[in-house]
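Residue 319 in numbering that gives the first Met the number 0 sits at position 320 of the sequence shown, with consecutive numbering throughout. Note that the Cβ used here is the ideal one computed from N, Cα and C, for glycine as well. For clarity, every value in this text was computed on a predicted model and none was experimentally measured. The structure under discussion appears below in the form of structure tokens.
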Amino acid sequence: MPDIMDLCELSPAYVRAIAPYQPGKPITELARELGLDERAIVKLASNENPRGISPKALEAIRAALPELGRYPDGFDLTQALSQRLGVTMQQIVLGNGSNDVLELAAMAFLAPGCSAVYSQHAFAVYPLATQARGAQSIVVPAKNFGHDLDAMLAAIRPDTHLVFIANPNNPTGTMLTAAELESFLRRAPKKVVVVVDEAYNEYLAPALRCPSIDWIASFPNLIVTRTFSKVYGLAGLRVGYAVCQPEIADLLNRVRQPFNVNNLAIAGAVAALTDHDFLRESFELNVTGMQQLLQGCKRLGISWIPSYANFITVEIPRLNTQSQAGAVFQKLLRHGMIVRPLANYGMPDHLRVTVGLARENARFLEALEAVLKA
Ligand SMILES: Cc1ncc(COP(=O)(O)O)c(C=O)c1O
């Protein structure tokens with residue numbers, strides 16, 4: 000019998016070096032650990048829509064249940080997206096969440112011997128996807144917690160195949176303006192693929208949204224990714240997409256699993272796209288919930304990074320130069336409150352809090368006040 004560690008060494012060293020993704024703590028797990036009632040736990044840790052799934056999507060999913068015996072056909076969703084976005088169907092690649100299309104971009108364009116550029120404090124999947132291909136990560140120091148596009152441009156090397164940009168970024172909530180991003184695209188080498196990850200695009204005020212889909216015609220190296228996990232309320236279904244030039248889409252499709260988006264996800268996403276009331280209400284709830292959280296933080300003397308998404312990243316003051324955010328996170332758990340610690344993002348003094356329903360935001364502020372006072 001071979002030793003299990005010998006077997007593990009068959010995996011490339013760059014795979015073994017990956018630090019696994021750390022998801023938000025599940026409600027069920029915390030309930031088990033602390034013997035709490037699940038209904039008493041509030042989770043503001045994964046940037047989900049606190050209203051849950053859109054009623055239209057739920058109805059469509061119920062109607063699609065009898066189709067589960069068949070393999071999925073992404074035609075309807077691809078067509079709906081192409082009409083909505085004004086691109087051809089050949090320009091759209093569906094993913095099992097937008098995480099999947101980020102991985103497809105890495106799979107299609109990265110390999111050992113090449114590099115990807117992304118920002119410090121950017122979304123955790125960029126390092127994971129880069130490392131899994133054996134490519135090198137070039138991590139560019141952030142500026143005021145946001146992307147420093149000039150520094151990212153300067154960091155591009157001849158072996159750089161991919162640049163990842165999150166706009167807005169998770170976990171910092173920072174935003175790039177259309178002028179900044181367009182200028183970057185103009186100046187970036189034409190032979191580098193730029194992924195602009197717009198998972199939180201729909202939470203931006205319309206005037207702040209970039210015409211990123213329109214840019215694809217003039218910047219053939221651009222891939223825009225979006226998701227149904229956030230404002231559309233379908234995080235558990237796993238559906239997202241990439242929009243790019245057909246030739247790039249063709250490459251992503253070559254490394255894509257056949258049938259990577261399931262029947263229910265397709266039906267739910269098609270319906271969610273048309274649920275305009277749900278989208279508007281979700282957007283408005285986020286605006287008022289953000290105000291509620293910011294006012295509460297101000298009252299508690301807690302500072303935050305200005306956010307353009309559906310979460311806010313707050314700074315927990317140090318005690319005698321010692322970081323307290325980890326301890327505050329643990330104490331919040333004991334109050335049945337799950338938020339996200341950010342030490343693994345190189346932000347040991349910060350906690351990220353998803354904007355919830357009014358009563359959930361109030362619970363967070365109460366719990367934080369109690370923990371800070373204790
Ligand atoms: C910036 C960013 N991009 C992409 C994703 C991936 O989301 P999903 O795979 O659910 O579409 C997330 C999820 O939190 C995110 O924050």
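Beta-bridge pairing of residue i - partner residues as DSSP gives them
{"i": "residue 150", "result": "Per DSSP, none; premise fails for residue 150."}
{"i": "residue 196", "result": "165, 224"}
{"i": "residue 145", "result": "142"}
{"i": "residue 372", "result": "Bridge partners of residue 372: none, in fact."}
{"i": "residue 42", "result": "337"}
{"i": "residue 321", "result": "318"}
{"i": "residue 390", "result": "As shown, the chain starts at 0 and ends at 373. That puts residue 390 outside it, with no answer to give."}
{"i": "residue 159", "result": "114"}
Residue i beta carbon near ligand 3 (any heavy atom closer than 7 Å)
{"i": "residue 241", "result": "Ligand 3 is absent from the structure shown, which contains only ligand 1."}
Alpha helix (DSSP H) segment containing residue i, residue limits
{"i": "residue 328", "result": "324-333"}
{"i": "residue 275", "result": "275-299"}
{"i": "residue 302", "result": "Per DSSP, residue 302 belongs to no alpha helix (DSSP H); it is in the beta strand (DSSP E), 302-304."}
{"i": "residue 246", "result": "245-254"}
{"i": "residue 311", "result": "Counting along the chain, residue 311 falls outside any alpha helix (DSSP H), though it belongs to the beta strand (DSSP E) covering 310-314."}
{"i": "residue 100", "result": "97-108"}
{"i": "residue 52", "result": "It is not in any alpha helix (DSSP H) - residue 52 carries neither H nor E in the DSSP assignment."}
{"i": "residue 173", "result": "Taken as a continuous stretch (DSSP letters only), residue 173 belongs to no alpha helix (DSSP H), as it is neither H nor E."}
{"i": "residue 131", "result": "124-131"}
{"i": "residue 217", "result": "211-217"}
{"i": "residue 344", "result": "Unbroken run through residue 344: none, as it is neither H nor E."}
{"i": "residue 3", "result": "3-7"}
{"i": "residue 14", "result": "12-15"}
{"i": "residue 78", "result": "74-84"}
{"i": "residue 30", "result": "26-33"}
Same chain, Cβ closer than 6 Å to residue i, five either side skipped, listed in chain order
{"i": "residue 367", "result": "none"}
{"i": "residue 270", "result": "55, 56, 59"}
{"i": "residue 113", "result": "134, 158, 160"}
{"i": "residue 306", "result": "172"}
{"i": "residue 177", "result": "209"}
{"i": "residue 167", "result": "174, 199, 307, 308"}
{"i": "residue 63", "result": "262, 263, 266"}
Supposed contact pair residue j and residue i - C-beta distance, whole angstroms, cut 8 Å
{"i": "residue 170", "j": "residue 351", "result": "5 Å"}
{"i": "residue 57", "j": "residue 108", "result": "About 37 Å separates the two Cβ atoms, so there is no contact after all."}
{"i": "residue 251", "j": "residue 264", "result": "Incorrect: roughly 18 Å between the Cβ atoms, too far for contact."}
{"i": "residue 202", "j": "residue 308", "result": "5 Å"}
{"i": "residue 292", "j": "residue 371", "result": "Incorrect: roughly 15 Å between the Cβ atoms, too far for contact."}
{"i": "residue 212", "j": "residue 86", "result": "6 Å"}
{"i": "residue 101", "j": "residue 255", "result": "In fact, because the Cβ distance is near 12 Å, the residues do not count as touching under 8 Å."}
{"i": "residue 314", "j": "residue 302", "result": "5 Å"}
{"i": "residue 359", "j": "residue 43", "result": "6 Å"}
{"i": "residue 244", "j": "residue 205", "result": "Contact flag wrong, Cβ pair sits at about 26 Å."}
{"i": "residue 357", "j": "residue 288", "result": "7 Å"}
{"i": "residue 26", "j": "residue 337", "result": "7 Å"}
{"i": "residue 53", "j": "residue 274", "result": "4 Å"}
Residue interval of the beta strand (DSSP E) (run including residue i)
{"i": "residue 137", "result": "135-139"}
{"i": "residue 117", "result": "114-118"}
{"i": "residue 181", "result": "First-last for residue 181: 177-186, but that is the alpha helix (DSSP H), not the beta strand (DSSP E)."}
{"i": "residue 353", "result": "349-353"}
Cβ neighbours of residue i in the same chain (closer than 8 Å, five flanking residues each side left out)
{"i": "residue 83", "result": "272"}
{"i": "residue 345", "result": "119, 120"}
{"i": "residue 30", "result": "36, 37, 40"}
{"i": "residue 48", "result": "229, 230, 231, 232, 234, 281, 309"}
{"i": "residue 333", "result": "33"}
{"i": "residue 21", "result": "123, 343"}
Own chain partners of residue i with C-beta closer than 7 Å, once the 5 adjacent residues on each side are dropped
{"i": "residue 60", "result": "263, 266, 267"}
{"i": "residue 71", "result": "258, 260, 261, 262, 265"}
{"i": "residue 310", "result": "46, 172, 351, 352, 353, 354"}
{"i": "residue 140", "result": "119, 147, 150"}
{"i": "residue 226", "result": "96, 97, 198, 239"}
{"i": "residue 335", "result": "35, 39, 40, 41"}
{"i": "residue 133", "result": "11, 13, 110, 111"}
{"i": "residue 92", "result": "100, 103, 240, 241, 248, 251, 252, 255"}
{"i": "residue 77", "result": "88, 91, 93"}
{"i": "residue 221", "result": "184, 193, 195, 214, 215, 243"}
{"i": "residue 285", "result": "202, 309, 354"}
{"i": "residue 328", "result": "338, 340, 350"}
- Pocket of ligand 1 defined by Cβ to heavy atom distance under 5 Å: 96, 97, 98, 122, 165, 169, 196, 198, 226, 228, 239
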